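In what follows, a structure is listed as structure tokens, so that the remarks can point back to it.
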Amino acid sequence: MPPAPDVPRVPAPWTLGGDAYVVMLRLPPRLIEEGSFVPEPLRGRAQGRTGALMFVDYASSDVGPYRELLFIPCRFQVGGGLFWSITKIYVSSWDSVVNGRQNWGIPKDRADFEVTREAGQDRVRLRDGDHVFADLVFAPRGLRLPASSVLMPEALRTLVQIDEDRAFYYAPEASCKVELARLVEARVDPARFPDVSQGKVLFAARLSEFTLRFPVARVEPV
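Quick note: the sequence shown uses the working numbering, first residue 1106, plus one each step.
Below, the structure written as structure tokens:
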């Protein structure tokens, strides 16, 4: 990836809005250990086999609209607690890359996104030049119902990101409408993104009209 350009600094908290697909997966241990881009400080700390794949289409944010594809392999034992951690994530704007790394230690990289919607399905492709390294198809199904993160204890939605010698802890808050969904197809280049096709889908949902708040992170030495 080319070096990040100089972009305006936009500190937390952020408020974002848009739509998303969330897929919860049961992953094979080998994929978690060897194919999930786990940073060195988190190696050997994985707990469980439940991970998540998310595609998010932000219609609004503190740095403008952008798209992202992210992967969380499991929870990790850090500082006496269990926390989710994003180990691979691509976004469509440099403003999101730079500020996401600075505000929360999220290891964002940039890619070109191509999203098409037809026949009731959403197809998401990520490119690096001419190379398509992720090709995913999602489909919503079912009745939309209101949902909110207030129903989930903060400890269960707290993430940790390790950036060099610092640990960033943060717990996003969200409200949305939710409906069941399917992961219809998933093809990836495992050198660029975890091969989620190896996992078993436990649950998939489409979140629409969401409002998401990313707070100021608590930063501690590793």
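Think of the CB as a built atom: it goes at the ideal place given N, C-alpha and C, for glycine as much as any other residue. Remember, it's a predicted structure, so these values are computed and weren't measured experimentally.
With respect to the C-alpha of GLY1153, the residue from PHE1142, PRO1134, ASN1204, GLU1139 having the closest C-alpha is PRO1134. By DSSP's assignment, LEU1256 forms no beta bridge with any residue. In its chain, beyond the 5 residues on either side, PHE1181, VAL1183, SER1190, THR1192, ILE1267 have a beta carbon closer than 8 Å to the beta carbon of LEU1147. Rounded to the nearest whole angstrom, the CA to CA distance from PRO1144 to GLU1269 is 10 Å. Taken in chain order, the whole beta strand (DSSP E) runs of length 3 or more contained in the stretch 1206 to 1275 are 1213 to 1215, 1217 to 1223, 1226 to 1233, 1236 to 1245, 1250 to 1253, 1264 to 1268, 1271 to 1275.
ALA1309 has VAL1128 as its beta-bridge partners, per DSSP.
VAL1301 places its beta carbon 7 Å or farther from that of LEU1174.
As a beta-bridge residue in DSSP terms, PHE1188 pairs with PHE1181.
For the set ARG1292, VAL1255, ILE1177, TRP1209, the Cα lying nearest the Cα of VAL1229 is the one of ARG1292. Taking C-alpha positions only, GLY1156 is separated from ARG1172 by approximately 20 Å.
Here ARG1287 carries a strand assignment [DSSP, helix/strand/coil].
According to DSSP, residue pairing for TRP1119 in a beta bridge involves PHE1319. With contacts defined as CB atoms closer than 7 Å, ASP1200 and VAL1168 qualify as a contacting pair.
Taken through DSSP and simplified to helix, strand or coil, ASP1111 comes out as coil.
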